[in-house]
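Asks: Going from the sequence shown to this note's numbering is simple: count from 1 and add 212.
Just so it is clear, CB atoms sit at the ideal spot from N, CA and C, and this is done for glycine as well.
Here it is: the structure, laid out below.
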Amino acid sequence: MLRSFLIEFALFLTPFLLYGALLLATKGSVVPEHWSLRALALVVVAALVLVIAGLFVFEHGQMAPPGSRYVPAQMKDGVFVPGRFE
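The following block contains the structure:
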């Protein structure tokens with residue numbers, strides 16, 4: 213579970229780090245005055261898109277880390293099978 217959180221957190225931080233690297237390369241510093249409101253909004257939108265895409269890929273794709281998918285409790289052949297992580 214912690215691994216899934218860290219992956220999503222890294223996906224969220226990636227656009228901010230890339231924009232900071234771009235500012236560092238072009239303006240020589242990453243002071244808050246160089247972060248315009250429009251650019252910050254675009255970075256936040258890009259971060260949210262990456263997080264949502266990551267959640268979708270990890271949940272529905274084959275890239276889900278082991279132990280991150282929850283299988284709810286169910287009845288199989290009259291026997292109760294408790295919920296578990298796969």
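1. Rounded to whole angstroms, what is the Cα-Cα separation between residue 296 and residue 244?
2. Please state if the CB of residue 256 and the CB of residue 220 are separated by a distance shorter than 7 Å.
3. Under three-state DSSP, which class holds residue 242?
4. Residue 229: beta carbon under 6 Å from a heavy atom of the ligand FMN?
5. Using the three-state DSSP reduction, which class does residue 281 fall into: helix, strand or coil?
Replies: Taking the coordinates as given:
1. 46 Å
2. no
3. coil
4. Looking at this structure, you won't find the ligand FMN or any other ligand, since it has none at all.
5. coil
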